[in-house]
Amino acid sequence: MNKSYHRGTHIIPVLVDITLDIVEGEFLALMGPSGSGKTTLLNMIAALDQVDNGTIRVGGIDITGLTESELAAWRSVNVGFIFQFYNLIPVLTAFENVELPLLLTGLSRRERREHVELALQIVNLTSRMDHYPAQLSGGEQQRVAIARAIVTDPTILVADEPTGDLDRVAAEEILELMDRLNRESHKTIIMVTHDPRAAKKARTIRYLDKGILNNVHPQAAP
Amino acid sequence: MYILKLLLRNAFRHKLRTSLTLLSITIAILSFGLLRTFINAWYGAADASSASRLVTRNAVSLIFTLPVSYKDKIRQIEGVKQVSWGNFFGGIYIDEKNFFANYAVDAKSYIELYPEYVLPPDQKEAFLRDRRGFFAGRKLVEKYHWKIGDIVTLKGTYLPGNWEFVLRGIYYGKNENADERVFFFHWDYLNEIMKMRRSGFADQVGFYMVGVTNPNRAAEVAQAIDKTFKNSLAETLTETEKAFVLSFISMSNAIIVAIQLVSFVVIVIIIAVTANTMAMTARERIGEYAIFKTLGYGGWRIAGMIIGESLLITMIGCLLGIALTPPATEAFRKYVGSYFTLFKVDMETIYMDIGASILVGLCAAIIPTWRAIRIRIADGLRRIG
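As they're listed, the protein sequences go chains A and B.
First residue of the first sequence: 59, per our numbering; consecutive thereafter.
First residue of the second sequence: 7, per our numbering; consecutive thereafter.
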C-alpha cells in the first residue's frame, strides 16, 4: 500500500509500497526516525486513516473497502488503542474512561461493571477506579488507557509510543503489562516506538525510513 | 444517565466561561420574557372583551357623539338583547399623573351587560339610589385608599369644574382579565349637568354598548345597526368590543412592533453568545472527539454530545431566566401596572422562552458539530499533547 499527504500543490509520499504481514499473536515493534511514517502506518492498520492505494486485510476482512460507520464499528470490536499521551477523558473517572467503549455494546450496566473491574484488575488499578486522570500519575493513566484498550477484548492492540511520556520505572511497568497481554492473552500488539529498550520487548522489530519498510535497522544494513 | 453526567461535567469544565454564558442566557431570557409580557399586557384589554358585546359609535370619530334616542331603535333590531350607553368623562383625580378611566354610564343596563364586574347587591342598590354615587374597581379603590361613603372629587376636562361623587360600590373582576381600575358614575347625572351648563351636548352619548343574543351573529347585527342609521345626521360605526379595543391598540402599533423586534434581537444575541462558547469548547476538545471516534463513536454520537451540551447550557439559562421572570414582572408591575389590566407572565411566554432556548441551543451547536464530525481522526489526535 501507499500513502501520501498533500501540502498545497506538493505531494509528499509518506508510505511507499509497504507490504507487511503480521501473524495473529505477534508483538511487533515499528521503529524509525521522526517523520518516517510509523504513526501513519499504525493509523492505517487500525483503520484511523485511509490508504491511497493498496489493501489492508485484518482477519480476512479488507478494511480499505469499509465505510466510515463500518470502520467505526469494526474498530470498536477489533482494536484497542494505547497512545503516548494516554488520551483519557479528563472529566471521567478511571472507571468511566474504561467503560467508554462498552457503551457502544449491548451490555447491561452490571455486565459493563464486571468487564471494567476485570480490566482494571488486569492493570492492577482497581483501587483507583474512582480517581480522575488528573489525580493519577503518568504510569497509572497509561494503565487506565490499557484497561480501556482491552476492555472489549479486541484481537489487536495498537500502541503509539506508549512509554514516550513516562519515566523509566513506569515505562518498564507498561512494557511488562503489554508483554503479559501478548503472552497470556495472546493479543496481537503493534507498537510504534523510538525507544530501543521498549522495542526489545517485542518479538519482531521492523524499521521504517522515509516511508520504506525494512526488516533490519537501516544503519545496520551492509 | 451516563451521557447526562458526561454532558454536565463537560458543560462545567470551564466554570467561569459557562457561568458567564449562563448569565447572558438568563438575562436574555428574562428580557425576552419581560418584553413578551409587556406586549401581552398591551393586548390584555382585547382579550378581556366579550364576543357577545358590540360597540356603536359615531362613524366619523370617537370625538363625535350620538343622540341618546338611538337606544330605542337599536333595541328593536333583531338579535339585540340589551343596550347600554355612556360617555368617556376624562376627569382628573387631584393630579394628571393619577390617570384612570372614568365613564358616565347608564348604570343599570351597564352592570347587566358586564357580568364580569361583580358588585355586591347591597352596594349595587346603594349606587343605583344615589344620583351622585359611583362605583369603582377594587384595585383603584385600594390604590387611593377610598372607603365606601367617601366623597371623591374629579376635575372635569371638557366639562370644567369640580365634580363630586360618593363611593357607593366596589366591584371586583370575576376573572383575572377583568379591569379593576375603572370608575363609573351615572350618565343621568352627567346629562343633567350638561343640560344646565352646555345644553348643546345634552342627550348625547359617546358610545352604545350592545349585547347580542347570539355571538355568532354579531357581525350581522353590527351591519343591521349601521344600516339603520345610514344617511342620518349621525351615522354609526358598530364593531365587536374586541375590534374596538384593538383599534385603540393599533394606534400604538409602532411601539409594539419595536418591542417585538427587540425581543427577537435578544434571541439573536444569545445565539451569538452561546455559539461563541460552543465554538471555543469544540475547538478545545477536537482531540477528545477524535478519541471518541477512535473508540468507535460515530458522527451522530459526537453530534449528540455537542448539541446536548449546548442544549443543556441554554436550558439551564432558560430555567433560571423563567424562574426570575415572575419576580421581575412583579417589580415592573409596580411602575407600569396601573396602565394595564393584567401584567403577569402567561404560559405562552414560558413556552416561547423554552422554544427560543431550544432554538438557540441547536443553532449554536451547528457549526461546532459540523467541524467535529468532519475532522479526520488522525488530524484530531495530532492536536493532543
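The beta-carbon is built from N, C-alpha and C at its ideal position, and this holds for glycine as well.
Taking C-beta atoms as the reference points, N93/B and G167/B fail to come closer than 9 Å.
Of the other Cβ atoms in all chains shown, 16 or more fall within 10 Å of the Cβ of F190/B; this residue is therefore buried.
With a threshold of 9 Å between beta carbons, T300/B makes contact with chain A. Judged by their CB atoms, D218/A and I140/A are nearer to each other than the 9 Å cut-off. In this structure, I9/B keeps its C-beta atom at 9 Å or more from the C-beta atom of D359/B. When the alpha-carbon of I270/A is set against those of I69/A, D79/A and K96/A, the nearest one is in K96/A. Just so you know, the alpha carbons of K145/B and W48/B end up roughly 18 Å apart. When Cβ-Cβ separations below 9 Å define contact, S62/A makes no contact with chain B. According to DSSP, K61/A shares a beta bridge with L73/A. Using a C-beta cut-off of 8 Å, the segment 120 to 128 of chain B makes contact with the segment 169 to 181 of chain B, since at least three inter-stretch Cβ pairs fall below that distance. The beta carbon of T27/B is closer than 7 Å to those of V279, T280, T283 and I319 in its chain, skipping five residues each way along the sequence. Rounded to the nearest angstrom, the gap between the Cα atoms of P221/B and R59/B is 8 Å. For A131/A, the chain B residues whose C-beta falls within less than 7 Å of its own C-beta are G302, listed in chain order. Per DSSP, V227/B lies in no beta strand (DSSP E) segment; the continuous alpha helix (DSSP H) that holds it begins and ends at A224 to T234. Excluding sequence positions up to five before and after D110/A, its CB lies within less than 8 Å of the CB of M59, N60, K61 and S62, all in the same chain and listed in chain order. For M311/B, the uninterrupted alpha helix (DSSP H) run begins and ends at G305 to V342, by DSSP. Cβ atoms of L162/A and Y303/B come within 8 Å of each other, at about 7 Å.
Closest by C-alpha distance to G162/B, out of S205/B, V124/B, A110/B and K153/B, is A110/B. Selection K153/B, A17/B and A249/B evaluated against Q129/B yields K153/B as nearest (Cα-Cα). Proximity of N111/A to chain B, defined by a Cβ-Cβ separation below 9 Å, is not satisfied. Rounded to whole angstroms, the separation of the alpha carbons of K258/A and A87/A is 8 Å. For E182/B, the nearest beta carbon of chain A is not closer than 9 Å to its own beta carbon.
At least one CB of chain B lies nearer than 9 Å to the CB of R206/A. Short of 7 Å from the beta carbon of I275/B, and not among the five residues preceding or following it, lie these beta carbons of its own chain, in chain order: A34.
Every beta strand (DSSP E) of 3 residues or more that sits fully in the segment 239 to 288 of chain B is shown, in chain order, as 242 to 246. In the three-state DSSP reduction, I214/A falls in the strand class (E or B). For D120/A, there are no neighbours in chain B by C-beta distance under 9 Å, as the nearest C-beta there is about 19 Å away. At least one C-beta of chain B is nearer than 9 Å to the C-beta of E154/A. One finds L301 and G302 in chain B with Cβ atoms closer than 7 Å to the Cβ of S134/A, taken in chain order. Note that the segment 319 to 336 of chain B touches the segment 367 to 377 of chain B; at least 3 beta-carbon pairs, one per stretch, sit closer than 8 Å. DSSP places R63/B in the uninterrupted beta strand (DSSP E) bounded by R59 to N64. Measuring C-alpha to C-alpha distances from A378/B to each of G310/B, E336/B and Y357/B identifies G310/B as the nearest. Put simply, the CB of F85/A is far from chain B, with every gap to its CB atoms at 9 Å or more. Close to chain A, meaning a Cβ-Cβ distance shorter than 8 Å, is no residue of the segment 349 to 373 of chain B at all. Taking L239/A as the centre and dropping the five residues before and after it, the same chain places the C-beta of K245 closer than 6 Å to its C-beta, in chain order.
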